[in-house]
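Chains as they are written, first to last, in our numbering: chain A, 1 to 757; chain B, 1 to 179.
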């Protein structure tokens with residue numbers, strides 16, 4: 001510690017005066033004045049009974065070291081004494097200031113005198129990972145931050161401390177005899193021998209375990225035998241927000257203070273993952289995102305304007321419609337519900353038993369002059385009337401449930417308009433159509449409406465939604481999707497629910513509307529049929545990915561070409577290749593592509609396959625609930641959301657895992673065979689570039705024993721996969737700890753494990 | 001405002017919201033004559049895309065629809081519990097819910113909890129060699145260990161989950177740093 005003398009300035013001034021008055025006469029040289037005395041170490045911590053040699057450095061104002069006699073003293077000699085040579089001795093617990101004085105200038109050291117930590121007991125006698133234990137003894141530091149507790153070398157978070165007691169959270173260490181140690185600023189205690197007993201979990205092949213809380217997630221001890229074994233470990237976040245991120249270190253058999261972890265796969269390596277989407281998909285995603293941004297702007301600014309109704313427009317809702325009738329329909333997509341300034345003038349080109357199709361007279365392509373387009377419209381209408389109305393009704397409820405309170409015409413209206421093209425949205429439904437027109441709702445059409453885009457080129461191309469045939473292939477299942485939204489909104493209004501469904505679950509279950517129709521009418525796939533990729537002849541998933549295949553087209557002329565289930569299995573790819581980065585609770589900030597549609601679909605598919613009595617009861621229950629989101633889904637499944645997210649995570653990888661027979665329903669999708677589906681895509685020349693491996697999920701492979709992996713930016717509801725494989729020599733510990741190295745476990749972290757071999 | 005007081009205000013607003021709302025532009029009914037209303041609830045995006053609506057759901061009662069410049073920031077907080085401050089109105093975001101939903105003129109908000117665990121938001125600030133979270137009230141909270149990803153977010157509005165006597169490992173970005 002360094003000190004300066006206050007009179008230094010006066011001395012300098014005196015020297016200057018002397019120099020100025022010297023007049024060239026000889027002046028005896030002056031000894032340099034002492035400016036500072038620095039004692040080191042400045043704040044030593046000494047164990048009672050031990051000594052510490054202190055040193056004092058004397059310097060002048062220029063920093064030059066001076067040879068000066070130093071006098072040592074202590075202000076509390078009963079706590080710490082000091083010899084004439086600066087040897088400090090700690091005598092009792094306490095604090096003392098040791099001073100070194102040279103030519104009246106003083107430097108000091110603050111000595112803390114402590115006793116070395118001594119452990120006399122640890123309670124309880126058998127430690128349990130995650131539980132609180134207490135060390136008794138002496139010499140501990142009353143400041144928590146100054147006590148470091150380790151159990152078998154593994155850091156244990158201290159939760160309270162006095163000089164005689166330290167309580168800590170028992171860390172993740174292997175069951176058996178362990179040594180407990182406390183380290184204070186003085187140094188470490190001797191090891192105190194005790195025992196630790198974790199729960200050694202035995203997970204049979206094909207079975208699963210999901211941690212119910214963070215305490216059990218923090219430390220898993222797998223009971224293993226010395227035979228080849230393979231386990232899938234899914235570390236996941238139970239946060240229910242896509243933008244809530246968690247970092248965690250995953251450790252195997254931790255035996256010491258955390259080593260520097262090895263980055264696991266993913267963003268934490270500082271690499272930018274390859275965007276698995278096609279250029280066309282990226283363009284569409286960008287357009288979709290841009291649209292959403294416009295919507296956000298609208299909600300923030302336009303709605304409060306209360307734009308007045310355009311008196312010239314009368315929609316004619318409720319009147320009987322005949323083919324060729326013209327009707328004006330408010331188009332609120334870009335302006336919002338309160339605005340009636342945008343009107344689509346449509347012509348009734350299809351009037352069926354349950355639907356009416358309105359073709360915007362401003363569309364570039366008109367069905368009257370393009371037979372292929374007329375056919376596509378007709379097929380859309382007939383498909384809905386004969387199949388999708390019944391399919392959606394059975395699965396979710398009647399879309400015309402509130403028809404008597406809306407337009408009373410017994411029809412679902414499909415308005416196909418080019419105004420939607422380029423927006424990024426293929427189709428949409430707006431809740432305002434459920435309400436009577438009036439202030440704030442001048443744009444309501446009061447009826448069961450959805451709005452879709454249209455083809456813009458007459459040239460046939462089944463692989464382009466701009467062509468009538470390609471548009472039909474895409475729009476066919478979109479109708480089932482959009483009508484599900486109508487059902488959902490009508491049900492919630494009819495039930496007096498306080499809110500519409502959370503968007504992530506609303507869109508995910510709308511994918512189930514598509515699935516319900518596709519499976520029942522095209523794939524002929526019952527619930528829990530475990531259907532794979534199939535073949536052209538079987539009219540299965542293969543045909544959804546090979547729109548122009550002649551066998552597919554000939555085999556099901558009623559429905560083909562159709563995207564079928566293509567979006568479900570293809571557009572979930574980012575979730576499969578970067579599972580930590582995609583949440584079912586919505587795309588995160590800056591993410592695009594609405595990946596959550598199919599991610600949530602997959603979660604709900606798992607929930608139904610595993611827990612539902614019937615698909616229809618499950619989905620109808622969701623629609624008719626008054627709760628929303630996680631609460632709603634968890635209630636329908638009858639299990640906590642942690643169980644759903646954990647089990648689903650395992651199933652995404654373990655479903656139909658090669659060689660895994662008799663697997664529990666906990667780790668599979670009973671309706672679909674994911675392994676076969678993605679192997680099928682990999683085998684298709686047209687798709688093998690996008691699916692370069694037989695299965696897109698690639699866990700980080702680890703051997704048994706010690707390992708250290710770091711997971712960063714794990715999104716809420718997302719997973720990071722590890723596969724433990726080899727022949728274990730002993731039980732295996734898996735610890736999950738904060739990357740800060742303080743021994744704690746982030747509260748959002750959970751773990752799910754299944755044995756694959 | 002204490003947590004208890006916030007709860008009382010939240011309940012009051014919930015009761016008021018359940019009374020009903022009027023569509024924008026009708027009548028002359030004024031907004032509630034309170035300079036600053038407070039509501040605690042979970043941010044949710046509801047309805048079908050792309051016409052989904054952002055709303056804040058109190059523990060009891062109908063949701064409110066926040067509007068205003070800061071409402072955009074709530075987009076990144078779906079699923080998270082916040083306290084919103086501003087003014088609840090009689091105006092109705094009629095398409096936001098089956099019973100309508102009151103429009104809440106949002107002045108400011110604070111993140112309060114994630115999954116039931118306390119969370120704090122503020123501006124991420126570098127002080128000497130360490131990091132601090134400076135809350136909107138000016139409180140400075142030392143961050144024992146900052147997640148690597150967040151080290152690129154100096155000046156950003158962020159939130160951290162969990163007690164601050166330990167290093168927070170769960171976090172989110174409300175408004176990214178401008179570079």
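We put the beta carbon where it would ideally sit given N, CA and C, even for glycine.
With respect to chain B, the C-beta atom of residue 247 of chain A has a partner C-beta closer than 8 angstroms.
Judged by DSSP in its simplified three-state form, residue 392 of chain A adopts helix. With contacts defined by Cβ atoms closer than 8 angstroms, residue 251 of chain A and residue 755 of chain A do not form a contacting pair. Separation of the CB atoms of residue 176 of chain A and residue 195 of chain A is rounded to 7 angstroms, and the pair is thereby assigned contact status at 8 angstroms.
Residue 155 of chain B and residue 122 of chain B have their C-alpha atoms some 9 angstroms from each other.
In this structure residue 72 of chain A touches residue 100 of chain A by the C-beta definition: roughly 6 angstroms separates them, less than 8 angstroms. Fewer than three Cβ pairs drawn from the segment 100–108 of chain B and the segment 123–132 of chain B lie within less than 8 angstroms of each other, which leaves the two stretches out of contact. Within chain A, the C-beta atoms nearer than 8 angstroms to that of residue 166 of chain B come from 157, 738, 740, 742, 744, in chain order. Selection A:416, A:436, A:337, A:459 evaluated against residue 370 of chain A yields A:459 as nearest (Cα-Cα).
Taken through DSSP and simplified to helix, strand or coil, residue 104 of chain B comes out as strand.
Taking a beta-carbon distance threshold of 8 angstroms, residue 238 of chain A counts as an interface residue toward chain B.
Residue 70 of chain B has a beta carbon lying at 8 angstroms or more from every beta carbon in chain A. Distance between residue 145 of chain A and residue 142 of chain B, taken at the CA atoms: about 15 angstroms. Using a CB distance below 8 angstroms, the part of the segment 49–70 of chain B facing chain A consists of 49, 50, 51, 52, 53, 54, 55, 57, 61, 62, 63, 67, 68, 69, ordered along the chain. Cβ neighbours of residue 112 of chain A within its own chain (closer than 6 angstroms, five residues either side excluded): 45, 95. Fewer than three Cβ pairs drawn from the segment 526–541 of chain A and the segment 107–114 of chain B lie within less than 8 angstroms of each other, which leaves the two stretches out of contact. Taking residue 380 of chain A as reference, the option from A:453, A:472, A:429 with the minimal CA-CA separation is A:472. Where residue 130 of chain B is concerned, there is no enclosing alpha helix (DSSP H), although the beta strand (DSSP E) around it starts and stops at 130–134. Bridge partners of residue 413 of chain A according to DSSP: A:356, A:449.
DSSP places residue 522 of chain A within a helical segment (H, G or I) once states are collapsed to three.
Around the beta-carbon of residue 61 of chain B, 16 or more other beta-carbon atoms lie within 10 Å, marking it buried. Residue 49 of chain A is not a Cβ neighbour of residue 109 of chain A, given a cutoff of 8 angstroms.
Contact between residue 600 of chain A and residue 504 of chain A is confirmed by a C-beta separation of about 5 angstroms, below the 8 angstroms threshold.
Taken through DSSP and simplified to helix, strand or coil, residue 645 of chain A comes out as helix. Contact annotation, residue 339 of chain A with residue 443 of chain A: C-beta distance approximately 5 angstroms; criterion of less than 8 angstroms satisfied.
Across the set A:384, A:61, A:709, A:420, the C-alpha of A:420 shows the shortest separation from the C-alpha of residue 335 of chain A.
Counting only the Cα atoms, residue 406 of chain A lies some 37 angstroms from residue 639 of chain A. Taking a C-beta distance under 8 angstroms as the contact criterion, residue 117 of chain A and residue 140 of chain A qualify as a contact pair. A direct Cα-Cα distance of roughly 4 angstroms separates residue 160 of chain B from residue 171 of chain B. The beta carbon of residue 516 of chain A is closer than 6 angstroms to those of 391, 395 in its chain, skipping five residues each way along the sequence.
In the assembly as shown, residue 506 of chain A is a buried residue. Its beta-carbon has 16 or more other beta-carbons within 10 Å.
For residue 723 of chain A, the secondary structure class from DSSP, reduced to helix, strand or coil, is strand.
Residue 149 of chain B carries a helical assignment under DSSP once its states are collapsed to helix, strand and coil. Looking at the DSSP output, residue 188 of chain A shares a beta bridge with A:183. Under DSSP, residue 219 of chain A forms a beta bridge with A:735. If you look at residue 135 of chain A, you'll find it isn't in any alpha helix (DSSP H); it sits in the beta strand (DSSP E) that goes 132–138.
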